[in-house]
Amino acid sequence: SKARLFDEKNDVKTTFKDVAGLEGAKEEIQEIVEFLKNPEKFTNLGGKIPKGALLVGPPGTGKTLLAKAVAGEAQVPFFSLSGSDFVEMFVGVGASRVRDLFKQAKEKSPAIIFIDEIDAVGRARGKNSMSGGNDERENTLNQLLTEMDGFGSNSNVIVLAATNRADVLDKALMRAGRFDRQIFVDLPDIRERAEIFKVHLAPLKKVEGLDLDFLAKQTPGFSGADIANVCNEAALIAARNNKTAVDKQDFLDAVDRIVGGLEKKNKIIT
Ligand code: ATP
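For the sequence shown, full-length UniProt numbering assigns the number 176 to the initial residue and increments by one for each residue that follows.
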């Protein structure tokens with residue numbers, strides 16, 4: 176039986192309005208939306224559509240969300256997989272899985288391929304070859320490079336990949352015609368945090384007049400994922416206390432709880 180390597184979504188509902196803040200990144204990636212919507216407009220003039228872009232930034236800042244929004248905006252299929260799945264689950268078959276993935280995406284093009292945690296496959300080659308190296312990973316990486324080179328200029332598949340460790344990536348990945356564009360996706364500033372709160376407060380039953388700027392001020396260093404987490408936790412706390420609407424105190428308690436969690440995580444790391 177064939178384990179599933181990648182997800183395919185043909186009706187992505189996520190759009191740029193689901194991605195709060197990140198104005199610069201959205202502006203840069205808008206170009207890719209335009210290519211996907213109307214590839215001929217560009218190729219007719221002899222231009223080559225880019226093959227890939229690397230989304231670089233800390234965990235939980237919306238890289239996956241942004242990639243999905245590109246598919247949703249352009250209304251194209253979204254093929255996604257995680258680099259760590261590759262390396263952990265598909266011993267001996269990584270390269271052939273990469274081939275399958277590109278074949279399927281080309282059949283449905285224009286399309287997006289999204290590779291999360293590309294560093295798991297894309298780390299510089301030949302660094303840990305004491306024990307003969309990690310051949311499996313290198314084969315997979317080589318196949319990925321081959322596929323990107325072999326695309327042909329009008330295959331209309333764009334590969335987006337995410338990492339928080341651009342520094343460890345094999346330089347071959349960044350060469351022209353591969354991931355030759357980097358888009359930075361940073362932690363949100365205070366204004367962006369207020370916007371992210373707005374998105375994640377929308378589905379909650381809450382008291383009137385919650386102050387987004389106040390909430391943003393309580394959450395320095397939080398990622399978008401942390402803020403989504405705060406909003407959900409606040410709703411759970413309110414429910415536990417038999418409230419009929421989530422109030423300011425529930426948010427403060429949720430922030431406390433998440434800060435506690437973040438501190439613990441950091442302690443384990445350092
Ligand atoms: P990782 O590097 O850990 O894979 P990521 O950068 O891909 O993280 P996402 O998976 O896109 O982050 O974010 C996780 C969740 O956090 C999103 O599904 C969304 O709910 C929320 N989130 C993150 N960033 C934003 C944002 N800018 N606007 C709205 N929601 C956000």
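By construction, the Cβ of each residue, glycine as well, lies at the ideal position given by its N, Cα and C atoms.
Does DSSP put GLY227 in a helix, in a strand, or in coil?
Three-state DSSP puts GLY227 in a strand.
How about ASP182: is its Cβ closer than 7 angstroms to a heavy atom in the ligand ATP?
Checking the Cβ of ASP182 against the ligand ATP gives no.
Please tell me whether, using a cut-off of 7 angstroms, the distance from the CB of SER398 to the nearest non-hydrogen atom of the ligand ATP is below it.
Yes, the beta carbon of SER398 sits closer than 7 angstroms to at least one heavy atom of the ligand ATP.
Here's the rule I'm using: 16 or more other beta-carbon atoms within 10 Å means buried, otherwise exposed. How should residue 168 be labelled?
Coverage of the chain is limited to positions 176 through 445, which leaves residue 168 absent and any answer about it impossible.
Residue environment, ILE365, which counts as buried when at least 16 other CB atoms sit within 10 Å
ILE365 should be labelled exposed.
Using 10 angstroms around the beta-carbon of ASP294, count the other beta-carbons present and answer buried if the total reaches 16, otherwise exposed.
ASP294 comes out buried.
Against chain C, does THR189 count as a neighbour if the rule is that its beta carbon must be under 8 angstroms from one of theirs?
The structure shown contains no chain C; it holds only a single protein chain.
CA-CA distance, ILE412 and GLU198?
Distance between the alpha carbons of ILE412 and GLU198: 32 angstroms.
Just to confirm the assignment, what range does the beta strand (DSSP E) spanning THR338 have?
Where THR338 is concerned, the enclosing beta strand (DSSP E) stretches over 332 to 338.
Between LYS243 and the rest of its own chain, which residues show a CB-CB distance below 7 angstroms, the 5 nearest in sequence each way excluded?
Correct list, in chain order: VAL187, THR189, PHE253.
Assign ARG356 to one of three DSSP states: helix, strand, or coil.
In this structure, ARG356 counts as strand in the three-state DSSP scheme.
Using the Cβ count rule (16 or more neighbours within 10 Å means buried), how would you classify GLU292?
GLU292 should be labelled buried.
If contacts are defined as beta-carbon pairs under 8 angstroms, then ILE287 and LEU335 qualify, I think. What distance do you get, rounded to the angstrom?
Rounded, the Cβ-Cβ distance is 6 angstroms, consistent with contact.
State yes or no: is the C-beta of PRO234 nearer than 7 angstroms to some heavy atom of the ligand ATP?
Answer for PRO234: yes, Cβ within range of the ligand ATP.
Determine the closest residue to residue 526 out of GLU215, LYS418, ARG356, ASN185, with distance taken between C-alpha atoms.
Residue 526 cannot be examined here, being either before or after the span of the chain that is shown, 176 to 445.
Who are the near neighbours of LYS281 in its chain, counting only those whose CB is closer than 7 angstroms to its CB and skipping five residues on each side?
So the qualifying residues of the chain are SER330, VAL332.
CB ALA391 to CB ALA369, shorter than 8 angstroms?
Taking 8 angstroms as the Cβ cut-off, ALA391 and ALA369 qualify as a contacting pair.
Which partner residues of ALA286 appear in the DSSP bridge assignment?
BP columns for ALA286 point to VAL332.
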